[in-house]
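Protein chains in written order, with the working numbering: chain A, 7 to 639; chain B, 82 to 326.
One structure is given here, and the rest of the page talks about it.
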Amino acid sequence: MATEHIVGIDLGTTNSLVAYMQGDSPTVIPAEDGLNLVPSVVALDEKNQIIVGNAARKYLIETSDRAVYSVKRLMGRGVEDIQEELRLFPFRLADDLQTGEVLRIKIGDRTYTPPEISALILRQLKRNTERFFGAPVTKAVVTVPAYFNDAQRQATKDAGRIAGLDVLRLVNEPTAAALAYGLDKRKNGIVAVYDLGGGTFDVSILKLHDGIFEVIATNGDTHLGGDDIDNLLIAVALDDIRGDLGLDVRRNGEAVQQIRKAVIEAKIALSAQDSIKLDVELPGGMRYQREITREMFEGLIQPVIDRTVGPTKQALKDAGLKPAQIDEVVLVGGSTRIPKVRRLVQDLFGRIPHTDLNPDEVVALGAAVQANILGGGSEVTQDMLLLDVTPLSLGIEVAGGVTDKIILRNSTIPASATQHYTTQVDGQTNVAIHVLQGERELARDCRSLARFDLKGVPPMVAGMPRVEVKFLIDANGILHVSAREQRSGKEAEIDVQPSYGLTDEQVENMLLESFDYAEEDFRQRQVIEARREADTILAALAKGKRNAAWRELTGAERREAESLEQALISAKDGEDYSAIRKAIDDLNTGTMRLAELMMDTAVSTALKGKDIEHSDLEEGPVTGHPVAKAEFK
Amino acid sequence: MANTDSKSSVIVPNEATESCWSCGTMRAQHFCSACGKVQPAVPVDYFTFFGFPRKLDLDTAALEREFYALSRRLHPDVFAQAEPQERAWSLEQSSMLNDGYRTLKDPIKRTEYLLRLEGVELEEQSKQATEKARATGELKKQVVPPDLLEEVFELNMHLEELRAQKKLGEDDPALLEEIGKAKLSLEEKYDALFNELKSEWKKWDAAVDGGRGEELIKIRDRMVDVLNRRNYIRNLVRDVNEALE
């Protein structure tokens with residue numbers, strides 16, 4: 007088997023995609039239903055089986071408490087951060103959730119952490135890919151919003167691990183888009199990427215220089231996107247329904263989901279037409295109908311899209327650039343299809359944005375390019391290199407609850423900083439360090455990343471120990487800490503207490519469970535597919551036996567074919583994939599001459615003037631299959 | 082390979098005597114000169130890391146070229162398929178590369194960095210230090226440069242007046258004009274100080290080339306003074322802007 011494919015995954019708030027490098031061009035791998043976009047929806051069916059993607063969407067409406075969407079909004083966050091989300095989204099928290107514990111969300115009567123739910127989506131993408139390649143896939147590049155903090159990145163990486171994927175790199179979404187764009191254009195210059203997706207907004211400014219993609223500045227809002235527009239429209243509808251029809255359906259999950267579906271369709275339609283008629287059937291048979299004009303829509307969403315202005319201006323300022331110095335503006339994310347958003351971007355940069363890339367797919371395509379680079383590169387990606395930055399400053403809490411910034415935002419990663427600590431009391435052996443992320447001056451206004459306890463500092467007079475702590479942000483934007491007491495040269499032990507997020511042990515436990523499942527699932531799918539193939543060939547043989555060609559075989563050939571047929575029939579009832587596979591191949595080889603004879607018959611029949619469409623060829627030749635299956639080794 | 086600049090021979094990298102972990106040959110900086118394998122980072126200063134002499138009037142275009150060239154060879158993406166040990170070294174080396182580039186490309190950071198290498202402890206005049214002082218109630222060490230005493234005294238009076246007026250909701254255009262003028266004068270001084278710093282760079286670099294150690298100490302102290310005055314003015318302008326908001 008050729009070297010394993012490394013795929014690029016866009017794990018989106020609303021939709022997720024997987025892509026790979028097919029020769030020189032990144033290509034999206036379709037799901038089983040043939041569609042490129044896999045909705046980031048996870049549901050439990052009647053038998054408590056997990057359903058992901060398009061198939062899960064109907065559960066949102068039929069049994070809304072058994073489905074969950076937009077879980078990306080909860081990644082790496084604590085219960086106190088998500089009050090706004092709980093007000094706007096139908097997330098149901100586990101009843102027994104303890105403070106300080108990682109969030110757990112109810113789906114039906116089960117509970118899952120956000121990384122686990124994301125892992126279920128990733129596992130679906132992994133399966134789609136494995137079906138596509140006919141081979142296992144274990145390595146991926148996964149994209150994250152550029153403005154994701156350490157906890158959100160860590161949670162995404164955990165999700166990958168739980169899904170049985172080795173996440174080789176987390177790539178920032180706008181940067182990935184720039185890669186896909188740059189691969190296409192091969193230009194030098196300054197590019198701005200404006201990425202307004204389902205739940206997150208990023209803006210990045212990059213310098214493209216002979217294949218180097220250097221991010222100069224990035225900014226954004228990890229809780230701003232198309233979801234917010236949907237929620238505004240839902241709120242309007244709920245108000246209308248209460249006012250005009252005297253019906254309060256706010257607590258009716260199914261009705262709200264029905265409305266949500268209708269307003270999303272309306273939103274999309276309003277990008278192409280001037281007005282749309284909402285028509286939703288409500289419980290009790292009443293209908294909610296109203297017309298929305300594009301003008302009304304644009305007025306309604308103005309406050310939402312205006313929230314992208316501040317981060318965009320800040321990114322330009324941090325890059326030290328004026329809008330006129332930007333050579334090209336690239337639009338990413340489904341929400342940039344809204345004409346009003348395009349006009350806003352045009353006003354901000356004073357130029358017409360570039361729209362010839364599909365804004366839903368460009369991030370996954372860029373992730374596939376990065377996957378190719380990490381895999382050793384190919385001719386087109388040979389000289390390409392991504393230099394990304396950390397979106398947020400890293401700080402340490404110092405006396406008085408103040409943040410001492412040690413790595414500033416927009417620093418190229420990997421980046422590091424070294425700090426020295428000492429003790430306050432004689433014989434003190436522990437030093438507590440509080441790591442923060444954010445731009446604010448006071449520690450309480452920044453994001454708490456972790457509290458570290460440096461243990462095993464040799465007991466000395468207060469102020470004597472000199473502990474050197476090294477903070478390193480890796481190419482994924484994730485923090486690593488190491489410490490050493492310099493007088494004794496002793497490595498200090500670090501006890502990590504992540505403020506939000508799973509411990510390694512928790513991830514490990516989730517991983518083993520779902521990994522076992524995945525292996526089991528994979529094996530079962532192999533067997534099922536092999537059986538299907540066996541049925542096809544057995545049916546073709548049965549048909550062949552009724553063909554004149556069968557009688558032209560020698561007796562020995564017929565006996566051989568029939569014994570191989572029996573062997574396949576008994577193998578396909580078993581659970582042994584390789585036995586079924588071998589029996590299929592043997593029968594294929596053993597009936598080669600029959601197939602040839604049938605082909606001759608078909609051709610001579612055609613020559614006699616019969617319609618070839620009605621010949622035995624209709625079923626296809628016995629040997630050879632339309633899609634050659636790859637071997638699992 | 083970092084030595085594209087002939088002047089870089091001024092500094093002999095101290096790790097040149099060690100041998101490559103992979104093939105045992107004497108290694109060059111960052112990579113083995115024989116087998117090309119990445120080497121563990123050694124604690125050198127950023128000038129040495131880039132193969133530049135410890136001088137201040139740096140060719141930033143050459144620095145950028147070197148940064149891109151080294152990035153192409155040291156970045157973790159290049160080592161995605163390598164052994165864990167090499168991956169760790171690449172991470173270490175490329176973080177040092179990025180930290181160094183960030184420090185050296187910025188003229189002020191570069192000067193401050195070199196002064197620290199020369200053993201100078203720079204005063205903390207940053208906003209952080211101000212906030213820290215406010216939060217802890219400690220007095221921040223802040224010396225008014227003598228030539229600014231009068232101007233600063235007057236400006237502070239005006240700012241006091243402005244704050245008092247703001248509380249009362251009053252508005253005095255004459256006062257605003259005074260403050261505006263003072264701010265403009267400060268900004269001019271701020272720019273002038275940068276030019277002063279740049280002329281000190283040239284003197285420093287010439288003294289390095291001439292090996293004039295005593296002169297270096299004098300230039301060093303003058304640069305510290307320029308930076309302190311510059312920081313002082315920057316903070317003052319920030320205060321003015323806050324009061325005007």
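Glycine is no exception: its CB is placed at the ideal position from the N, C-alpha and C atoms.
Check whether I412 of chain A and I479 of chain A have beta carbons under 8 Å apart
Numbered from 1 along the first sequence, position 406 holds the residue referred to as residue 412 of chain A. Numbered from 1 along the first sequence, position 473 holds the residue referred to as residue 479 of chain A. No.
Using a Cβ-Cβ distance under 8 Å, would P420 of chain A count as near chain B?
The residue labelled residue 420 of chain A in the question sits at position 414 within the first sequence. Closer than 8 Å to some Cβ of chain B, the Cβ of P420 of chain A qualifies, so yes.
I need the boundaries of the alpha helix (DSSP H) containing D246 of chain A, first residue and last residue.
Against the first sequence, residue 246 of chain A aligns to sequence position 240. Residues 232-251.
Could you check the C-alpha separation between A243 of chain A and Y294 of chain A for me, to the nearest Å?
The residue you call residue 243 of chain A lines up with position 237 of the first sequence. The residue you call residue 294 of chain A lines up with position 288 of the first sequence. Approximately 8 Å between the Cα atoms of the pair.
Could you give the DSSP three-state label for L171 of chain A: helix, strand or coil?
The residue given as residue 171 of chain A occupies position 165 in the first sequence. Coil, per DSSP.
L50 of chain A bridges to which residues according to DSSP?
Taking the first sequence and counting its residues from 1, the one referred to as residue 50 of chain A is at position 44. In DSSP, L50 of chain A forms a bridge with A:I56.
CB contact check: S332 of chain B to chain A, cutoff 8 Å
Missing from the structure shown is residue 332 of chain B; chain B here goes from 82 to 326 and no further.
Who are the near neighbours of L350 of chain A in its chain, counting only those whose CB is closer than 6 Å to its CB and skipping five residues on each side?
Position 344 of the first sequence holds residue 350 of chain A. If we look at L350 of chain A and ignore the five residues flanking it on each side, its Cβ neighbours are I311.
Same chain, Cβ closer than 7 Å to E558 of chain A, five either side skipped, listed in chain order
On the first sequence, position 552 is the one that residue 558 of chain A refers to. Only L603 meet the Cβ criterion.
If you measure from the beta carbon of D126 of chain B to each beta carbon in chain A, is any gap under 8 Å?
Here the question's residue 126 of chain B lines up with position 45 in the second sequence. False, the Cβ-Cβ gap to chain A never drops below 8 Å.
Best match in B:C113, B:N309, B:N237, B:G292 for proximity to E202 of chain B [C-alpha to C-alpha]:
The residue labelled residue 202 of chain B in the question sits at position 121 within the second sequence. Considering only alpha carbons, the answer is B:N309.
Taking only beta-carbon atoms, is H11 of chain A less than 8 Å away from chain B?
Sequence index remark: in the first sequence, residue 11 of chain A carries index 5 (1-based). So, not an interface residue.
How would you call N155 of chain A, buried or exposed, if buried means at least 16 neighbouring beta carbons within 10 angstroms?
Here residue 155 of chain A corresponds to residue number 149 of the first sequence, with the count starting at 1. With 16 or more Cβ atoms within 10 Å of its Cβ, N155 of chain A is classed as buried.
Could you run through the region 131-163 of chain B and flag, in chain order, every residue whose CB is less than 7 Å away from some CB of chain A?
Y149, S152, R153, H156, P157, D158, A161, Q162
Residues in the same chain with beta-carbon distance under 6 Å from I211 of chain A, minus the five sequence neighbours each way, listed in chain order, please.
Position 205 of the first sequence, counted from the start, is the residue given in the question as residue 211 of chain A. A198, I222, A223, A321, A325, listed in sequence order.
When the Cα atoms are used, what is the spatial distance from L126 of chain A to N553 of chain A?
Position 120 of the first sequence, counting from 1, holds the residue named residue 126 of chain A. Position 547 of the first sequence, counting from 1, holds the residue named residue 553 of chain A. One C-alpha to the other measures close to 49 Å.
Compile a chain-ordered list of the residues in the region 209-233 of chain A whose CB is closer than 9 Å to at least one CB of chain B.
H215, D216, G217, I218, E220
Hey, out of A:E304, A:G596, A:G469, whose CA is closest to V437 of chain A's CA?
Working through the first sequence from its first residue, we reach residue 437 of chain A at position 431. Of the listed residues, the one whose Cα sits closest to V437 of chain A is A:G469.
Backbone secondary structure at P45 of chain A - three-state DSSP:
Reading the first sequence from its first residue, position 39 is the one you call residue 45 of chain A. Three-state result, P45 of chain A: strand.
Quick one: Cα of V233 of chain B to Cα of L391 of chain A, how far?
Walking along the second sequence from the start, residue 233 of chain B turns up at place 152. Walking along the first sequence from the start, residue 391 of chain A turns up at place 385. Roughly 50 Å between the two C-alpha positions.
Just to check my reading of the structure: G407 of chain A and R450 of chain A have Cβ atoms closer than 8 Å, yes? What is that Cβ distance to the nearest angstrom?
Here residue 407 of chain A is taken as the residue at index 401 of the first sequence, counted from 1. Here residue 450 of chain A is taken as the residue at index 444 of the first sequence, counted from 1. At roughly 6 Å, the Cβ-Cβ gap stays under 8 Å, so G407 of chain A and R450 of chain A are in contact.
Just to confirm before moving on: does the CB-CB distance between S281 of chain A and R300 of chain A stay below 8 Å?
As a working mapping, residue 281 of chain A is identified with position 275 in the first sequence. As a working mapping, residue 300 of chain A is identified with position 294 in the first sequence. Yes, the Cβ-Cβ distance between S281 of chain A and R300 of chain A is below 8 Å.
When the cut-off is 8 Å and only beta carbons count, does A481 of chain A lie next to chain B?
For the purposes of this step, residue 481 of chain A is identified with residue 475 of the first sequence, where counting begins at 1. Answer yes: the Cβ-Cβ gap between A481 of chain A and chain B drops below 8 Å somewhere.
Run through DSSP, which three-state label would K328 of chain A get?
Counting from one through the first sequence, the residue named residue 328 of chain A turns up at place 322. In this structure, K328 of chain A counts as coil in the three-state DSSP scheme.
Every unbroken beta strand (DSSP E) within the region 373-434 of chain A, with a cutoff of 3 residues, ordered by chain
391-393, 400-404, 408-413, 421-427
Check each candidate in B:V318, B:K284, B:L249, B:A142 and name the one with the smallest Cα separation from K186 of chain B.
Translated into the one-based positions of the second sequence, residue 186 of chain B becomes position 105. Nearest option by C-alpha distance: B:A142.
Pull up the DSSP beta-bridge partners for V150 of chain A, would you.
As a first step, residue 150 of chain A must be located in the first sequence, where it is residue number 144. Its beta-bridge partners are A:N178.
Test item: CB-CB of D216 of chain A and F207 of chain A under 8 Å
For the purposes of this step, residue 216 of chain A is taken as the residue at position 210 of the first sequence. For the purposes of this step, residue 207 of chain A is taken as the residue at position 201 of the first sequence. No, the pair does not count as a contact, with Cβ atoms beyond the cut-off.
Cut-off 7 Å between Cβ atoms - residues of its own chain near D366 of chain A, not counting five sequence neighbours on either side
Translated into the one-based positions of the first sequence, residue 366 of chain A becomes position 360. The answer, listed in chain order, is N21, L43, G340.
Check the Cβ of S417 of chain A against every Cβ in chain B and list those closer than 9 Å, keeping chain order.
By one-based count along the first sequence, residue 417 of chain A stands at place 411. Per Cβ cutoff of 9 Å: N179, D180, R183.
If you measure from the beta carbon of T98 of chain B to each beta carbon in chain A, is any gap under 8 Å?
Here residue 98 of chain B refers to the residue found at position 17 of the second sequence. Summary for T98 of chain B: the model assigns pLDDT 48, below 50, so the residue's position carries little reliability; its value from the coordinates is reported in the next sentence. It does not; no Cβ of chain A falls within 8 Å.
Would you mind telling me which residues of chain A sit closer than 8 Å to L172 of chain B, beta carbon to beta carbon, in chain order?
By 1-based counting over the second sequence, the position of residue 172 of chain B is 91. Chain A residues near L172 of chain B: P420, L478, D480, A481.
Mapping the DSSP letters down to three states, classify S494 of chain A as helix, strand or coil.
The residue labelled residue 494 of chain A in the question sits at position 488 within the first sequence. In this structure, S494 of chain A counts as coil in the three-state DSSP scheme.
Residue range of the unbroken beta strand (DSSP E) whose run includes V197 of chain A:
Reading the first sequence from its first residue, position 191 is the one you call residue 197 of chain A. Its beta strand (DSSP E) spans residues 195-202.
Between which two residues does the beta strand (DSSP E) holding F112 of chain B run?
Against the second sequence, residue 112 of chain B aligns to sequence position 31. No beta strand (DSSP E) contains F112 of chain B, which DSSP labels as neither H nor E.
What's the gap between the Cα of D246 of chain A and the Cα of Q279 of chain A?
Numbered from its first residue, the first sequence carries residue 246 of chain A at position 240. Numbered from its first residue, the first sequence carries residue 279 of chain A at position 273. Each residue's Cα considered, the two are about 23 Å apart.
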